[in-house]
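Chemist: Heads up: the sequence shown begins at 49 in the working numbering, then just goes up one per residue. Shown below is the structure under consideration.
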Amino acid sequence: MTTSINCVELTIDKRHLEWIKYGKLLIFACYFVYVAELAAKFVFGAEIATIIVELKTDKVNASFANTYYFIVYGLVQVILSFLMGKIDMRKYLVVTLPFAAITMICMGFATNIEFMWIIFPISGIFQAGLWSGINLILTKYLPACLLNTANRVINTGVAVSSIIAYGMSAVCVSYVGWRMPFFILGTVFLISAVFFAFVVRKTQNYADILDDTTLFNGDKDIDNNSLFTLNTRKQTVAFYCISIVMVFLITSVYNSLCNWLPSLLIDVFSFRQDVSIYVSILSPVVMLFGPMLTLWSCARDKNFIRQCLIYSSIILLICILLTFLYQTNVILAVLLFVLYMGLANGIRVIVLSVITFQLHTQINAGTYSAISNAVASVSSGVIPTFFGFLIDSYGWKNAFSFTIILLGVIIVLLFVLMILVNLMNNRK
């Protein structure tokens with residue numbers, strides 16, 4: 049049988065066609081469990097202002113639950129980076145994800161912040177393999193003609209899950225209490241984990257055609273247009289070292305302001321807790337378009353370093369405006385805040401996902417995802433707590449100034465990297 053996929057004519061049999069259809073189901077299963085996991089996890093961030101009041105704590109102590117979660121989460125990611133290729137990530141996720149869901153449900157039973165300090169990190173142990181696992185599964189078991197589709201779909205996950213978490217939190221805080229989102233979204237997470245296990249199990253039925261290259265040549269954009277080539281071990285080591293630094297810095301741009309919009313509305317404009325969460329839904333809605341924009345840009349221009357530089361410069365301008373104008377008008381403050389978060393999520397996607405898919409033929413996608421996500425986890429654990437400390441101790445303006453400095457460092461490093469890559473390519 050002859051068919052056309054991504055304008056490339058392939059001769060394939062019925063089972064190959066079935067595998068392509070199943071590949072789409074695999075994308076959905078990965079997306080479902082990813083969104084469900086993030087939504088359950090993001091409830092804490094969406095409700096942090098309410099949790100501070102209900103559990104009688106402060107911003108720093110509340111943020112420690114987040115810090116402990118990401119420290120444990122990141123450590124497990126580091127361990128997994130050494131185990132990629134030695135364990136079957138499909139089986140690993142099938143075992144760990146149900147426990148992750150159950151522990152997220154338990155978050156709703158907290159009577160003090162210390163309970164969250166314990167149960168949230170325990171959940172992080174079981175959640176740690178998800179991002180690297182689904183990246184490895186998708187790049188290893190999907191036909192190449194579906195890789196771009198998978199990349200676009202998966203990278204809407206953060207925004208979609210944020211909308212779900214913030215929306216449900218706003219409704220529940222208003223009508224049934226702050227605990228209910230943990231129960232509901234934790235249960236959805238558990239259902240998605242069971243569905244994921246069912247779909248992944250069917251992968252075994254296509255084991256005999258996974259190495260058939262006829263389906264792995266359908267996307268010339270992914271395989272043949274890499275920004276650079278890693279020819280030696282030194283180049284590969286240098287790539288990972290530079291990636292670690294840039295992932296930490298760029299994800300810190302996102303994490304510095306993430307979850308703090310409700311607090312800004314309460315502290316500066318005296319909003320009620322439930323109203324502040326409703327308004328904060330705008331942030332993940334705009335965040336949905338950030339990855340779409342950067343993925344579109346990176347598809348047109350394979351130089352992802354240049355794209356990071358362009359978007360970082362735009363974010364810097366927005367952050368400067370936010371620093372000096374955040375107190376003047378609530379509409380302007382919210383607009384600048386959500387634009388910042390949308391574009392910050394966009395460049396975050398470049399370092400965590402675009403690089404994985406563009407260079408998947410040169411690097412182990414699972415290993416890179418595990419390392420980059422571990423580094424991002426350190427940022428997620430440290431930066432929000434540090435930003436909360438700056439707010440409590442020095443005020444919002446100084447906290448925003450910290451982010452301006454961070455963006456300035458990133459822009460300088462990206463400019464240097466772009467020059468070095470151009471020099472390396474010119475020597476070929």
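For glycine and all other residues, C-beta sits at the position ideal for the given N, C-alpha and C. Fair warning: this is a prediction, and the values are worked out from it, not measured in the lab.
Are there three or more Cβ pairs, one per stretch, closer than 8 Å when the segment 160-176 is compared with the segment 95-114?
Modeler: Touching, yes.
Chemist: What runs of the alpha helix (DSSP H), each 4 residues or longer, lie entirely inside the segment 408-445?
Modeler: Fully enclosed alpha helix (DSSP H) runs of 4 or longer: 413-442.
Chemist: How far does the alpha helix (DSSP H) with Asp315 in it extend, from its first residue to its last?
Modeler: Within the sequence shown, numbered from 1, the residue matching residue 315 stands at position 267. Note, Asp315: alpha helix (DSSP H), 309-317.
Chemist: Out of Val402, Thr277, Leu186, which one is the CA nearest neighbour of Asn474?
Modeler: Position 426 of the sequence shown holds residue 474. Checking every option, the nearest Cα to that of Asn474 belongs to Thr277.
Chemist: What residue range does the alpha helix (DSSP H) around Ala213 cover?
Modeler: On the sequence shown, residue 213 is found 165 positions in, with the first residue counted as 1. That run of the alpha helix (DSSP H) goes 205-223.
Chemist: Around the C-beta of Ala176, are 16 or more other C-beta atoms found within 10 angstroms, so that it is buried, or is it exposed?
Modeler: What you label residue 176 is simply residue 128 of the sequence shown in a count that begins at 1. Classification for Ala176: buried.
Chemist: Let's test the definition: count the other Cβ atoms within 10 Å of the Cβ of Met472 and tell me whether it reaches 16, buried, or not, exposed.
Modeler: Taking the first residue of the sequence shown as 1, we reach residue 472 at position 424. Classification for Met472: exposed.
Chemist: Cutting at 7 Å between CB atoms, please list the residues of its own chain near Val206, excluding the five before and the five after it.
Modeler: On the sequence shown, residue 206 is found 158 positions in, with the first residue counted as 1. Only Leu86, Met335, Asn393 meet the Cβ criterion.
Chemist: Is the segment 143-152 close to the segment 76-93, with three or more CB pairs under 8 Å?
Modeler: Yes, since at least three Cβ pairs between the segment 143-152 and the segment 76-93 fall closer than 8 Å, the two stretches touch.
Chemist: Can you tell me whether Ile329 is helix, strand or coil according to DSSP?
Modeler: Taking the first residue of the sequence shown as position 1, residue 329 is located at position 281. Coil, per DSSP.
Chemist: How would you label Leu365, buried or exposed, when you count the other beta carbons within 10 angstroms and need 16 or more for buried?
Modeler: Taking the sequence shown and counting its residues from 1, one reaches residue 365 at position 317. By the neighbour-count rule (16 or more Cβ atoms within 10 Å), Leu365 is not buried but exposed.
Chemist: Anyone know if the C-beta pair for Gly429 and Leu184 falls short of 7 Å?
Modeler: Position 381 of the sequence shown holds residue 429. Position 136 of the sequence shown holds residue 184. Contact: no.
Chemist: Determine whether the beta carbon atoms of Val327 and Leu313 lie at a separation below 7 Å.
Modeler: In the sequence shown, residue 327 corresponds to position 279, counting from 1. In the sequence shown, residue 313 corresponds to position 265, counting from 1. Contact flag set, yes.
Chemist: Please report the distance separating the alpha-carbon of Thr342 from that of Val248.
Modeler: In the sequence shown, the residue the question calls residue 342 occupies position 294. In the sequence shown, the residue the question calls residue 248 occupies position 200. C-alpha separation (whole angstroms): 30 Å.
Chemist: Can you give me the Cβ contacts of Ile232 inside the same chain, cut-off strictly under 7 Å, excluding the 5 residues immediately before and after it?
Modeler: Here the question's residue 232 lines up with position 184 in the sequence shown. If we look at Ile232 and ignore the five residues flanking it on each side, its Cβ neighbours are Met216.
Chemist: State the Cα-Cα distance for the pair Asp259 and Leu128, rounded to the nearest angstrom.
Modeler: In the sequence shown, the residue the question calls residue 259 occupies position 211. In the sequence shown, the residue the question calls residue 128 occupies position 80. Reliability fails at Asp259, whose pLDDT of 47 lies under 50, so the model's placement of it is uncertain and no value is given.
Chemist: Using the Cα positions of Phe359 and Phe434, report the straight-line distance between them to the nearest angstrom.
Modeler: Within the sequence shown, numbered from 1, the residue matching residue 359 stands at position 311. Within the sequence shown, numbered from 1, the residue matching residue 434 stands at position 386. Note that residue 359 is Tyr in the sequence shown here, rather than Phe. Spanning the two alpha carbons is a distance of roughly 24 Å.
Chemist: Have a look at Phe264 and Thr204 and give me their C-alpha separation to the nearest angstrom.
Modeler: Within the sequence shown, the letter at position 216 stands for residue 264. Within the sequence shown, the letter at position 156 stands for residue 204. Bear in mind that the predicted position of Phe264 carries a pLDDT of just 45, short of 50, making it too unreliable to give a figure here.
Chemist: Classify Gln125: buried if its beta carbon has 16 or more other beta carbons within 10 angstroms, exposed otherwise.
Modeler: Indexing the sequence shown from 1 puts residue 125 at position 77. Buried is the call here.
Chemist: For the structure I just gave you, are there three or more beta carbon pairs, one from the segment 380-398 and one from the segment 286-294, closer than 8 Å?
Modeler: As far as the Cβ criterion goes, the segment 380-398 does not touch the segment 286-294, which means the pair count is below three.
Chemist: Entirely within the segment 445-469 and at least 3 residues each: give me those beta strand (DSSP E) ranges in chain order.
Modeler: With a minimum length of 3 residues, no continuous beta strand (DSSP E) run stays inside the segment 445-469.
Chemist: Closer than 8 Å by C-beta to Ile75: which residues in its own chain qualify, once you throw out the five before and the five after it? Chain order, please.
Modeler: For the purposes of this step, residue 75 is taken as residue 27 along the sequence shown, with counting starting at 1. Closer than 8 Å at the Cβ level, and outside the excluded window around Ile75, lie Leu186, Leu190, Leu194, Thr197, Ala198, Val201, Ile202.
Chemist: Please look up how many angstroms separate the CB atoms of Thr371 and Phe448, rounded, as I've assumed it's under 8 Å.
Modeler: Residue mapping note: residue 371 aligns to position 323 of the sequence shown, counting from 1. Residue mapping note: residue 448 aligns to position 400 of the sequence shown, counting from 1. That belief holds up - the Cβ atoms of Thr371 and Phe448 are roughly 4 Å apart, short of 8 Å.
Chemist: Compute the beta-carbon to beta-carbon distance between Ala490 and Phe174, rounded to the nearest angstrom, for a pair I have assumed lies under 8 Å.
Modeler: As displayed, the chain neither begins before 49 nor continues past 476, which places residue 490 out of reach and without an answer.
Chemist: Would you list the one or two residues that DSSP bridges to Met132?
Modeler: Mapped onto the sequence shown, residue 132 falls at position 84. Paired residue(s): Ile135.
Chemist: For a test of the three-state rule: what should DSSP assign to Gly177, helix, strand or coil?
Modeler: For the purposes of this step, residue 177 is taken as residue 129 along the sequence shown, with counting starting at 1. Looking at Gly177 - three-state DSSP - the assignment turns out to be coil, as it is neither helix nor strand.
Chemist: Answer with buried or exposed for Ile439, where buried requires no fewer than 16 other C-beta atoms within 10 angstroms of its C-beta.
Modeler: What you label residue 439 is simply residue 391 of the sequence shown in a count that begins at 1. With 16 or more Cβ atoms within 10 Å of its Cβ, Ile439 is classed as buried.
Chemist: Relative to the C-alpha of Ser361, which residue among Val236, Val460, Ile68 is closest?
Modeler: On the sequence shown, position 313 is the one that residue 361 refers to. Minimum Cα distance to Ser361 is reached at Val460.
Chemist: Tell me the DSSP secondary structure of Lys341 in three-state form.
Modeler: The count along the sequence shown starts at 1 and reaches residue 341 at position 293. Residue identity check: residue 341 is Leu in the sequence provided, not Lys. Here Leu341 sits in helix by DSSP.
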